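Below you'll find the structure, written out as structure tokens, and then a few comments.
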Amino acid sequence: MVGGRRSARDTGVRREPPDAEAALEIAARFLGTRPRSRWEVERRLRRAGAEEEVIQATLERVASLGYLDDAEFARWWQEQRDRHSPRGRRMVAAELRQRGVPREVLEALADEAEDDERPSWLAEDADLPSTEDERADAALERHLRGRPVPADRAALQRLGMYLVRRGFDPETARAAIRRRGQASADEDD
Numbered sequence: 002m003v004g005g006r007r008s009a010r011d012t013g014v015r016r017e018p019p020d021a022e023a024a025l026e027i028a029a030r031f032l033g034t035r036p037r038s039r040w041e042v043e044r045r046l047r048r049a050g051a052e053e054e055v056i057q058a059t060l061e062r063v064a065s066l067g068y069l070d071d072a073e074f075a076r077w078w079q080e081q082r083d084r085h086s087p088r089g090r091r092m093v094a095a096e097l098r099q100r101g102v103p104r105e106v107l108e109a110l111a112d113e114a115e116d117d118e119r120p121s122w123l124a125e126d127a128d129l130p131s132t133e134d135e136r137a138d139a140a141l142e143r144h145l146r147g148r149p150v151p152a153d154r155a156a157l158q159r160l161g162m163y164l165v166r167r168g169f170d171p172e173t174a175r176a177a178i179r180r181r182g183q184a185s186a187d188e189d190d
């Protein structure tokens, strides 16, 4: 019980399943906090007890209004990761799979990322990393917070494992550590 109000779960009262209008309101509120995948919205409507026909109609309506697009959601997710917590493509793809983004969308996003030029959705923000190497460099820089790369072999291994856990392949992690170490050495000279 929150704030003196009792929910239907607290009282044991069964609520009627939401109609089309109520389902649209639930979806709109759910999408109001951040973009969502189609699967997340569908799951939310199922949790609210909506019937299958109402769920499908609501999803179609919200998609037709432009508020539900898995490709846009995947791009947004990648941008948020690049901006706040850089991760490798593998980890971002795993996070998107957990949110129900279809395989075709993930493959299209990977194809965009493999192109040599900066993806169109990142063109306006030059500060964001656009390649896997830039993401690894950003993640390493964030982790080190201005400290130099350690010289100790065990510490270097831990640093490499940190990047691997963030979704970078071992070669990308090693290259990022080498680049950062070289940059630190150049600064000392």
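The sequence shown begins at 2 in the working numbering and counts up one residue at a time. By construction, the Cβ of each residue, glycine as well, lies at the ideal position given by its N, Cα and C atoms. If you're wondering where the values come from, they're calculated on a predicted model, not measured in any experiment.
R16 classed as buried or exposed, judged by whether at least 16 other C-beta atoms fall within 10 angstroms: Along the sequence shown, read from residue 1 onward, the residue named residue 16 stands at position 15. R16 should be labelled exposed.
Please say whether A23 and I56 have beta carbons closer to each other than 8 Å? Along the sequence shown, one-based indexing puts residue 56 at 55. Along the sequence shown, one-based indexing puts residue 23 at 22. Against a cut-off of 8 Å, the Cβ pair of A23 and I56 comes out as no contact.
Return yes when the Cβ of R45 is within less than 8 Å of the Cβ of G168, no when it is not. Taking the first residue of the sequence shown as 1, we reach residue 168 at position 167. Taking the first residue of the sequence shown as 1, we reach residue 45 at position 44. Not a contact, by the Cβ cut-off of 8 Å.
Do the segment 50–65 and the segment 77–88 touch if we need at least three Cβ pairs shorter than 8 Å? no
For chain B, check one thing: does any of its Cβ atoms lie closer than 8 Å to the Cβ of E52? Structure shown: chain B not included; a single protein chain is present.
Quick check for students: name the residue ranges of the alpha helix (DSSP H) that lie wholly in the segment 60–87, counting only runs of 4 or more. 71–85
What residue range is occupied by the uninterrupted alpha helix (DSSP H) comprising V42? Walking along the sequence shown from the start, residue 42 turns up at place 41. That run of the alpha helix (DSSP H) goes R39 to R48.
Which value, in whole angstroms, describes the spacing of the CA atoms of A150 and E96? For the purposes of this step, residue 150 is taken as residue 149 along the sequence shown, with counting starting at 1. For the purposes of this step, residue 96 is taken as residue 95 along the sequence shown, with counting starting at 1. Per the sequence presented here, residue 150 reads as Val, with Ala not at that position. So the alpha carbons of these two residues sit roughly 29 Å apart.
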